[in-house]
Amino acid sequence: MYAVAEEQLAQEQLSGPQPRLYSTSELAAAVGVPAERVCVWVTTALLTPSRSEAGEHFFPFRQLTLARTLVDLTATGFTPRQLRRQIARLRRWPGHEQAAVVDDTRRLLVRLPDGDLAETDGQLRFDFAEGDALENLKLDNPPMSADQWRDLAREQDADGKLAESAESYRQALAAGGFDAATAFELAHVLARAAQPEAAIERYRQVIEAEPTNADAYNNWGVLLVELGRREEALEVFRRAVRESDDARAHYNLADTLDELGRNWEATPHWQAYLRHDHFSEWAQHAKRRLG
Numbered sequence: 008m009y010a011v012a013e014e015q016l017a018q019e020q021l022s023g024p025q026p027r028l029y030s031t032s033e034l035a036a037a038v039g040v041p042a043e044r045v046c047v048w049v050t051t052a053l054l055t056p057s058r059s060e061a062g063e064h065f066f067p068f069r070q071l072t073l074a075r076t077l078v079d080l081t082a083t084g085f086t087p088r089q090l091r092r093q094i095a096r097l098r099r100w101p102g103h104e105q106a107a108v109v110d111d112t113r114r115l116l117v118r119l120p121d122g123d124l125a126e127t128d129g130q131l132r133f134d135f136a137e138g139d140a141l142e143n144l145k146l147d148n149p150p151m152s153a154d155q156w157r158d159l160a161r162e163q164d165a166d167g168k169l170a171e172s173a174e175s176y177r178q179a180l181a182a183g184g185f186d187a188a189t190a191f192e193l194a195h196v197l198a199r200a201a202q203p204e205a206a207i208e209r210y211r212q213v214i215e216a217e218p219t220n221a222d223a224y225n226n227w228g229v230l231l232v233e234l235g236r237r238e239e240a241l242e243v244f245r246r247a248v249r250e251s252d253d254a255r256a257h258y259n260l261a262d263t264l265d266e267l268g269r270n271w272e273a274t275p276h277w278q279a280y281l282r283h284d285h286f287s288e289w290a291q292h293a294k295r296r297l298g
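Heads up, the sequence shown is in our numbering, so the first residue is 8 and it goes up one at a time.
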């Protein structure tokens, strides 16, 4: 977020005299909202200041015009979640700050350089002479960035659209190159979508990039247990213990050893887990296993 803002500011400085920046209070007064709301818009990434100093944000004019769009959208009845979704889609367009809100349909339109209007999903809107119907022409969407694909994947996941979410995570990896955090989120979605083998492969990729990632080890091992491959799971949990000494890995390793009837091997791992946790339901289970 800050790197992007700094890059934009540098480009503006190179292109000519530094444009005027509006403080939080100036922008708030210009669009008729409290300054606190502007701060919320910054926190939720709906607005991006050029710079921030001592808690004060400074915005270029294009962010002021985007703020006006946010005010219009709010007045039209958009919820905070709908706002984030609309602005995320809007940012795919060059010059996206030039937008208009159609009050009667609650549609957000982008003003293109040639003066035409387009919906944020790429639907071009033409107003013909009086009496003619409004006709639509589908445009190709601008390419989405890795961040945009990730945001879409998380929205789809929250809506229970696991197959669509997994595909969006794959697109994020294709757009931005390999990223361990994105691969981890993809693995988690695949596991919940009943694709354990695909999820395991993604967890392997995460471990290759981050050999001490205890979450990836534990999730990988649990999937192996669910597939009935407990001996393989033991090796994964042991690797997690060696690499990170993670309490959950000790717990999972002990539990799997108990399931295999190897209680004497499980004992030191139950004890190791209890050094980190004394009161949870998992701690009570560990204490019962130790007798």
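The beta-carbon is built from N, C-alpha and C at its ideal position, and this holds for glycine as well.
The criterion of a C-beta distance shorter than 8 Å is satisfied by L180 and T189. R209 and A187 have their C-alpha atoms some 9 Å from each other. Runs of the alpha helix (DSSP H) lying entirely within the segment 198-224 and spanning at least 4 residues, in chain order: 203-216. Beta-bridge annotation (DSSP): H64 is paired with S59.
When secondary structure is reduced to three states using DSSP, S30 falls in the strand class. T31 and A42 do touch by the CB rule: their CB atoms are close to 5 Å apart, below 8 Å. DSSP, reduced to helix, strand and coil, places G183 within a helical segment of the structure shown.
Contact check for W227 against V248 fails: the beta carbons are separated by 8 Å or more.
Just measuring C-alpha positions, the residue of W48, V47, Y29, L53 sitting nearest F68 is Y29.
For R75 and T55, the gap between their C-alpha atoms comes out near 14 Å.
Boundaries of the alpha helix (DSSP H) around H276: 270-281. Shown here, H285 sits in coil according to DSSP, grouped into three states, outside any helix or strand. In the structure shown, R236 falls within a coil segment according to DSSP collapsed to helix, strand and coil.
Per DSSP, reduced to three states, the secondary structure at L230 is helical.
Between the segment 218-225 and the segment 233-241 there are fewer than three inter-stretch CB-CB distances shorter than 8 Å, so the stretches are not counted as touching.
The alpha-carbon of N259 is positioned some 53 Å away from that of L71.
Residue state for T51 is assigned as coil, using DSSP reduced to three classes. According to the DSSP assignment, D253 belongs to no alpha helix (DSSP H), since it is labelled neither H nor E.
Approximately 7 Å separates the beta-carbon atoms of T274 and L297; this is inside 8 Å, confirming the contact. If you check the CB distance, A254 and D284 come in under 8 Å. Its chain contains no residue whose beta carbon lies nearer than 6 Å to that of R27 once the 5 sequence neighbours on both sides are disregarded. Under a 10 Å Cβ-count criterion, E192 is classified as buried, with 16 or more other Cβ atoms of the shown protein chains found around its own Cβ. Taking C-beta atoms as the reference points, A182 and A205 fail to come closer than 8 Å. Note on A194: 16 or more other CB atoms within 10 angstroms of its CB, so buried under the neighbour-count rule.
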